[in-house]
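As structure tokens, the structure follows; a few thoughts come after it.
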Amino acid sequence: MSKVKFPGDTDEAHPEKFNLEAMPPQPKERKPGQLPEDMIKQFFTEGFVVVEDFFKTEELEACKDAIRRLIDEMALKLYNAGKIKKLYTELGFYERLTAIEKEFPGANIVLHKLGAMPLEIQQLWSNERLLNVIEQLIGPDIIGHPVWNLRTKTPQNEATTVPWHQDVGYLDNSSYTVLQPTAWIPLLDTDENNGCMQMMSKGHKTGKIATHQCCHGGTWYVMLEEEEMKKSLDIDVENDKQICPIPYRGMLLFNNLIPHRSLPNMSKQIRWSFDLRWQRPSEPVGFYGIKEGILMRSSKDPDMKIDWEEFNGLNRHVKAQEAVTGQDVNEEFDITIQGPWMKKWEIVHVNHHVNAHREQEGDASKWTKA
Ligand SMILES: O=C(O)CCC(=O)C(=O)O
Ligand SMILES: [Fe+2]
Numbered sequence: 002m003s004k005v006k007f008p009g010d011t012d013e014a015h016p017e018k019f020n021l022e023a024m025p026p027q028p029k030e031r032k033p034g035q036l037p038e039d040m041i042k043q044f045f046t047e048g049f050v051v052v053e054d055f056f057k058t059e060e061l062e063a064c065k066d067a068i069r070r071l072i073d074e075m076a077l078k079l080y081n082a083g084k085i086k087k088l089y090t091e092l093g094f095y096e097r098l099t100a101i102e103k104e105f106p107g108a109n110i111v112l113h114k115l116g117a118m119p120l121e122i123q124q125l126w127s128n129e130r131l132l133n134v135i136e137q138l139i140g141p142d143i144i145g146h147p148v149w150n151l152r153t154k155t156p157q158n159e160a161t162t163v164p165w166h167q168d169v170g171y172l173d174n175s176s177y178t179v180l181q182p183t184a185w186i187p188l189l190d191t192d193e194n195n196g197c198m199q200m201m202s203k204g205h206k207t208g209k210i211a212t213h214q215c216c217h218g219g220t221w222y223v224m225l226e227e228e229e230m231k232k233s234l235d236i237d238v239e240n241d242k243q244i245c246p247i248p249y250r251g252m253l254l255f256n257n258l259i260p261h262r263s264l265p266n267m268s269k270q271i272r273w274s275f276d277l278r279w280q281r282p283s284e285p286v287g288f289y290g291i292k293e294g295i296l297m298r299s300s301k302d303p304d305m306k307i308d309w310e311e312f313n314g315l316n317r318h319v320k321a322q323e324a325v326t327g328q329d330v331n332e333e334f335d336i337t338i339q340g341p342w343m344k345k346w347e348i349v350h351v352n353h354h355v356n357a358h359r360e361q362e363g364d365a366s367k368w369t370k371a
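Residue numbering for the sequence shown follows this note's numbering, starting at 2 and increasing by one per position.
Encoded structure:
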């Protein structure tokens, strides 16, 4: 019987694109930063691999400086608009946004919706040693995927606690056959107390996409129920779930089919992290035609320069919103997030993100629970 009930559903499965048979030939001599072959194999067999120590302190400290600048700018805007009473400049990197959030809940969303990528983060994403590792996963032609995030996981904040999902659950169905590795890079030591990641080991092995739902609690996140994972992805939830503490300077590499979530942040500090993605240029990025990737490596032209200008000219959050509303949007303090993934899955829970989406779509009837 066909399982296709929602636009995101498919009967197809492509295990060969994500499992060991998809591993590219490994270089005879390892380039700087490249990982031992058994770790690369693990990425394909387990669906993820932990790299304990990879980045240089100065590479990450530069990113923290860039984020400090962004918070400064945002705080000033909120202050000038009368939305916060203080700038909280006396607070540090791991505390300041939490105080701003208390006065203006949603400040993390304003930051999350950043358009242009600061130079320091561009440099991290296209870091030579990091691209050498990505080459081990997808080969020598590489684009950066348009969906990247700076996660502002303030303490005990539902809006930044991401429920179980496969990353393909956010993209259009053309991404279902495309390997898109993610590097998840924390800006402090992470563990199960401060909201680290949890992976369903081997959850990608069937090559299938499970039926997701939207939206989790008061958030814009899609979600995947444990029962559905058992049924559709052949997962033994209790035994397969694995908590992945990642230290500062380390990273977690995972594929776009493996179910994962992040745990609640029960600490007093903000759990900052980046998630950055790549894939082969010859395959679709699956972002609803909203934004394409950015060429980072070409086997034909080893000296190519990355063209950031065009990529940065287009804010994907604004475009994602326009894609569902058909209207121009540029609301500085809009703290709703809407995107085409809301059309892919059954809406089982309505909240202000979904409502904003519905209102702008003007057709509420589509959204009633099936
Ligand atoms: O950082 C998080 O809390 C969630 C990250 C995530 O789902 C991802 O990077 O795909
Ligand atoms: Fe994810």
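Here a beta-carbon is modelled for each residue, glycine too, at the ideal position from N, C-alpha and C. Nothing here was measured: the structure is a model prediction, and the numbers come from that model.
Best match in the options for proximity to residue i [C-alpha to C-alpha]
i           : options            : result
residue 283 : 145, 324, 202      : 145
residue 128 : 33, 50, 70         : 33
residue 314 : 42, 118, 112       : 118
residue 324 : 263, 348, 173, 235 : 173
residue 300 : 93, 13, 74, 142    : 142
residue 16  : 203, 349, 296      : 203
residue 151 : 210, 135, 71, 93   : 71
residue 40  : 135, 104, 61       : 135
residue 209 : 256, 319, 277      : 256
residue 22  : 28, 43, 37, 36     : 43
residue 192 : 160, 36, 274, 104  : 274
residue 18  : 89, 276, 139       : 139
residue 270 : 12, 67, 197, 288   : 197
residue 292 : 79, 278, 316, 352  : 316
residue 158 : 103, 80, 133, 207  : 103
residue 262 : 27, 73, 223        : 223
residue 190 : 153, 162, 246, 231 : 246
residue 175 : 155, 233, 288      : 288
residue 108 : 231, 80, 250       : 80
residue 7   : 267, 348, 88       : 348
residue 207 : 248, 260, 249, 250 : 260
residue 295 : 54, 311, 233, 96   : 311
residue 149 : 302, 55, 92, 286   : 286
residue 123 : 234, 278, 73, 47   : 278
Ligand 2 heavy atom lying under 6 Å from the CB of residue i
i           : result
residue 168 : yes
7 Å Cβ cutoff met for residue i and residue j
i           : j           : result
residue 137 : residue 258 : no
residue 212 : residue 335 : no
residue 52  : residue 252 : yes
residue 221 : residue 307 : no
residue 225 : residue 185 : no
residue 254 : residue 182 : yes
residue 280 : residue 169 : no
residue 65  : residue 94  : yes
residue 171 : residue 342 : yes
residue 214 : residue 346 : yes
residue 112 : residue 60  : no
residue 24  : residue 45  : yes
residue 121 : residue 160 : no
residue 162 : residue 98  : no
residue 216 : residue 350 : yes
residue 85  : residue 101 : yes
residue 133 : residue 35  : yes
With 16 other Cβ atoms within 10 Å as the buried cut-off, status of residue i
i           : result
residue 82  : exposed
residue 5   : exposed
residue 264 : buried
residue 205 : buried
residue 218 : exposed
residue 290 : exposed
residue 69  : exposed
residue 188 : buried
residue 369 : Reliability of the predicted coordinates at residue 369 is poor, the pLDDT of 34 falling under 50, and the value obtained from them is presented with this limitation in mind. Exposed: under 16 other Cβ atoms inside 10 Å.
residue 365 : At residue 365, the pLDDT of 42 sits below 50, so the modelled position is not reliable; the number obtained from the coordinates is stated separately. By the 10 Å Cβ count, residue 365 comes out exposed.
residue 31  : exposed
residue 195 : buried
residue 77  : exposed
residue 276 : buried
residue 266 : buried
residue 240 : exposed
residue 87  : exposed
residue 13  : exposed
residue 232 : exposed
Near ligand 1: residue i beta-carbon under 6 Å from a heavy atom
i           : result
residue 1   : Residue 1 lies beyond the stretch modelled for the chain, which goes from 2 to 371, so this question has no answer here.
residue 263 : yes
residue 185 : yes
residue 274 : yes
residue 152 : yes
Check: residue i C-beta below 6 Å from any heavy atom of ligand 3
i           : result
residue 139 : This structure lacks ligand 3; its bound ligands are ligand 1 and ligand 2.
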